[in-house]
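Going by the working numbering, the letters in the sequence shown line up with residues 10 to 642, in that order.
Backbone N, C-alpha and C define an ideal beta-carbon position, used for all residues, glycine too.
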Amino acid sequence: LDPINLVEEAIPTIGRLPDGVSIVYDAVSHVHALQFLPDIAEIGFSTERLLRHCTYFPEEFSIFFILKHGREYAKQECIFSIENENNLILSISLSKRKVIFQYNSIKVTFRNVALKDNNWHTFGFSVSGSFVAMTTDCLNMRLKRLKRTFPSFIEVKNSTVTIAKCPGYGSVLRGNLKDIILVPGADVAKRTCPPRVPRNFLIDNRLPLLPDISAYQSAGPRWEDCTWMDVGNLAFDVYSHSLKVCVNGIWKQVSLKLAESQKKHLDYLEVYQDLETPAAAIDVELFTIPGVGIFAVFANSESNKRKRRKVSGMYKWVDKKFQLYQKLPTVAAQSWCHFTIGSHFYLAVANYGDDTDAVINSTIFRWHSHRKIFRVYQSITTYTARDVEYFQIDGEHFLAVANHAKGQSQYVDSAILKWNYKSRLFQEIQTIPTVGAYDWTYFVVDGFHFLALAQTFDGQTTLLDSVIYVYRGKHFVQFQAIETNGATDWEFFTIGEEAFLVVSNAYNYGPQNFQGLDTYRTNSSLYTLNRQKRAFEKYQTFHTFSAIDWEHFMIGDDHFLVVSNAQNGGTELERQSTMYRLQGVDRFVPVHNMALRPSSDWEMFQDDDEYYFVYSNAKSTMSQVLKAKFKYV
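Structure below.
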């Protein structure tokens, strides 16, 4: 989704103005805007022109509108809406006392303070997760929590964007409307508005129009120096490296070619922090709780039952370091996932347990917002669970559990659970026959919902099919089977419009390797989706060693893959973890061979302009944080 002016899209040219729409000129503020008569027809356009390559509305976005309104209001006036034949999907509307943001029958109201003085005002709405913020004239920002998290997948196919007079609203917009701009990203208002407090008081960048105008200390344009009465004030913004001019109360960038800033490329990684965990770590999950901070939780599992400590460690990012924050009760934890439902934040852990013959419950924890800790919320029945995966479909919440074995048999059903809004608990809705299930990976392609299952061992061989399922008719059905060899992980990512899946083949055991030689040495494969054949096809093969996990990430425009190495055998070179970079027709090529401790899972996160990597240590209590170093070209 590129930034788009909904007004220009709905009314592209002056010569083709719809009946009842006129262009007015505000001589005081030097602004052209639209005015609407009460009997206008519906003004709108199809969402296909808005979202050309996707059928889902973005889960994080910002909307700006510039409006002038007097004191006279209808009961409720619509600025714009997105709707289909059945219901209203998203809208922003006004009344004399309120500005109303609405989606899927959920309303969030803000006080209408500004739009009564018959002056021009800029409003910005930013939506992310459980919060919506309204910014007025870059000066007043109000944040409200949503009763239900804004959905990740709102289907807008065959829907309509309507301006000024929306279905279900009795009155037309009475004010003068200049622009409605939709922009991807929840922090656009923060990035668009000039800083209210100068960041560096020693810098003076203003270019005064008159000699008697005294200079002020500012690192960039200030809102109060650009009002609707001003035209032509100039300022140089040192942060965007651009010259800006005040036009009708808005700082606009002047077309001026400046030297481009140097591009940075990943040079190497260095050890940044040793992180001691309660036991060896199979998995690490990174997540952010809004207003609290960045966290990393490790799935700690001690191989020695006598020494086994039934806890996993959760760490908080404080002053650029991870510090132990909470110990969570687990039983041979294998993996974590995090998610939000409504205003609540959850963690789910897959517990392998002490006894493969017994039922070992896995656990869902809920964040206590006052005590700032996680508490046990629900236990779910599992059998030597290896993985738990959260996903959403049409606003509904699901968990997929990978049950690895039951007693001495690897043949055991894995389960799909769905959130019940009445009981506020997850309930099983489907079982899927699995063999040595190790990992679920959820992904979406062209509006279709998929689950990829990694199956690692059937009791005799690691060479068996892993299966991809597609969601049809409220159930998952088989889409494709792919032969794998001790598969432990699937990683999904996209490059442009192409969809990819890469598998970690960890172990080579069985008749195909009857001598039992170099069981740690396997080939792991990358697959790409052939849309015409409706199947994933092999794209590239990697020689991997003790590979348990793949992680895809981007730095700038570069795509990377890093593969873990649990170091179950091999030479010094075969014990290294490898990072690959996409290089055109060369495809993914190795760019870093890293001599690290045994690794089972990788995660990457960004703090300000710095990139960090965390990997879990499969064989000891010492995991590590790495920091990226860059070169500039």
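- [ ] Enumerate, from N- to C-terminal direction, the unbroken beta strand (DSSP E) stretches of 3 or more residues contained entirely within the segment 460–501.
- [x] Runs found: 472–481, 484–494.
Open item on the list: Going by DSSP in three states, Q521 sits in which element: helix, strand or coil?
Closed with: Of the three classes helix, strand and coil, the one that applies to Q521 here is helix, per DSSP.
Task: For L99, three-class secondary structure by DSSP - done: Correct three-state label for L99: strand.
Open item on the list: In whole angstroms, give me the CA-to-CA distance for M603 and G322.
Closed with: Near 26 Å, if we compare the C-alpha coordinates of G322 and M603.
- [ ] Locate the beta strand (DSSP E) running through E294, then write down its first and last residues.
- [x] Per DSSP, the unbroken beta strand (DSSP E) holding E294 starts and ends at 290–298.
Task: In DSSP terms, what F569 is bridged to - done: Residue pairing from DSSP places F569 in a beta bridge opposite F562, R590.
- [ ] Identify, in the order they occur along the chain, each residue of the same chain with its Cβ nearer than 8 Å to the Cβ of R540, setting aside the five sequence neighbours on each side.
- [x] D455.
- [ ] Using the DSSP secondary-structure output, state which residues sit across from H347 in a beta bridge.
- [x] According to DSSP, H347 shares a beta bridge with L356.
Open item on the list: Let me check understanding here. Comparing Cα to Cα, which of G362, C346, I389 lies closest to V397?
Closed with: When the alpha-carbon of V397 is set against those of G362, C346, I389, the nearest one is in C346.
Task: Rounded separation between E17 and D188 - CA only - done: Computed Cα separation, rounded: 8 Å.
Task: Sequence-distant residues of its chain with Cβ nearer than 8 Å to Q282 (five each side left out) - done: Excluding positions up to five away in sequence, the list reads K330, F331, Q633, V634.
TODO: Can you check DSSP and say which residues form a bridge with D422?
DONE: According to DSSP, D422 bridges with P442.
Task: Under the three-state DSSP convention, the category R120 falls into - done: Of the three classes helix, strand and coil, the one that applies to R120 here is strand, per DSSP.
Open item on the list: Taking the alpha-carbon of S573 as reference, which of E583, A544, A36, I564 has the nearest alpha-carbon?
Closed with: That would be E583, whose Cα lies nearest to the Cα of S573.
Open item on the list: DSSP has Y451 in a bridge; who is on the other side?
Closed with: Secondary-structure assignment with DSSP links Y451 through a beta bridge to L460.
Task: C-alpha gap between T587 and F551, whole angstroms - done: Rounded to whole angstroms, T587 to F551 spans 10 Å at the Cα level.
Open item on the list: My output table needs one value for A305: the three-state DSSP class, helix, strand or coil.
Closed with: DSSP places A305 in strand when its eight states are reduced to three.
- [ ] Would you give the residue range spanned by the beta strand (DSSP E) that V397 belongs to?
- [x] 394–402 is the span of the beta strand (DSSP E), which, as asked, contains V397.
- [ ] Tell me whether R543 is buried or exposed, calling it buried when 16 or more other Cβ atoms sit within 10 Å of its Cβ.
- [x] With fewer than 16 other beta carbons inside 10 angstroms of its own, R543 counts as exposed.
Open item on the list: Spatial neighbours of Q685 within its chain, please: C-beta separation below 8 Å, excluding the five flanking residues on both sides.
Closed with: Given a span of 10 to 642 for the chain in the structure shown, any question on residue 685 remains unanswerable.
Task: Integer Cβ distance of A42 from L186, believed to fall under 8 Å - done: Your pair A42 and L186 checks out as a contact, with CB atoms roughly 6 Å apart and the cut at 8 Å.
Open item on the list: Using 9 Å as the threshold, is the C-beta distance between H353 and R384 below it?
Closed with: Result no, Cβ atoms of H353 and R384 do not sit closer than 9 Å.
Open item on the list: Which residue marks the beginning of the beta strand (DSSP E) containing A556, and which one marks its end?
Closed with: Annotation for A556: no beta strand (DSSP E) segment contains it, and DSSP assigns it neither H nor E.
- [ ] Pair every Cβ in the segment 273–293 with every Cβ in the segment 528–540, then say whether three or more of these pairs are closer than 8 Å.
- [x] No: the two stretches stay apart, fewer than three of their Cβ pairs being nearer than 8 Å.
Task: Per-residue burial, T440 [other beta carbons within 10 Å of its own, 16 or more giving buried] - done: Classification for T440: exposed.
Task: Outcome for G416 when other beta-carbon atoms lying within 10 angstroms are tallied against a minimum of 16 - done: Result: exposed.
TODO: For the alpha helix (DSSP H) containing L15, list its first residue and its last residue.
DONE: Here the alpha helix (DSSP H) through L15 covers 15–19.
Open item on the list: DSSP has C175 in a bridge; who is on the other side?
Closed with: Beta-bridge pairing links C175 to no other residue.
TODO: Could you pull out every residue in the same chain whose Cβ sits closer than 6 Å to the Cβ of P160, ignoring the five residues on either side in sequence?
DONE: If you ignore the 5 residues before and after P160, its C-beta comes within less than 6 Å of the C-beta of G404, all in its own chain and listed in chain order.
Open item on the list: Could you compute how far the alpha carbon of Y536 sits from the alpha carbon of L333?
Closed with: Just so you know, the alpha carbons of Y536 and L333 end up roughly 38 Å apart.
Task: Buried/exposed call for M613, threshold 16 Cβ in 10 Å - done: Answer is buried; the Cβ neighbour count reaches 16.
TODO: Check the DSSP bridge columns for P193 and list the partner residues they point to.
DONE: Note: P193 sits in a beta bridge opposite F70.
- [ ] Could you check how far apart the C-beta atoms of R596 and Q549 are, in whole angstroms? I think they sit under 8 Å.
- [x] That belief holds up - the Cβ atoms of R596 and Q549 are roughly 5 Å apart, short of 8 Å.
Open item on the list: What would DSSP say about D595, mapped onto helix, strand or coil?
Closed with: D595: helix per DSSP, three-state reduction.
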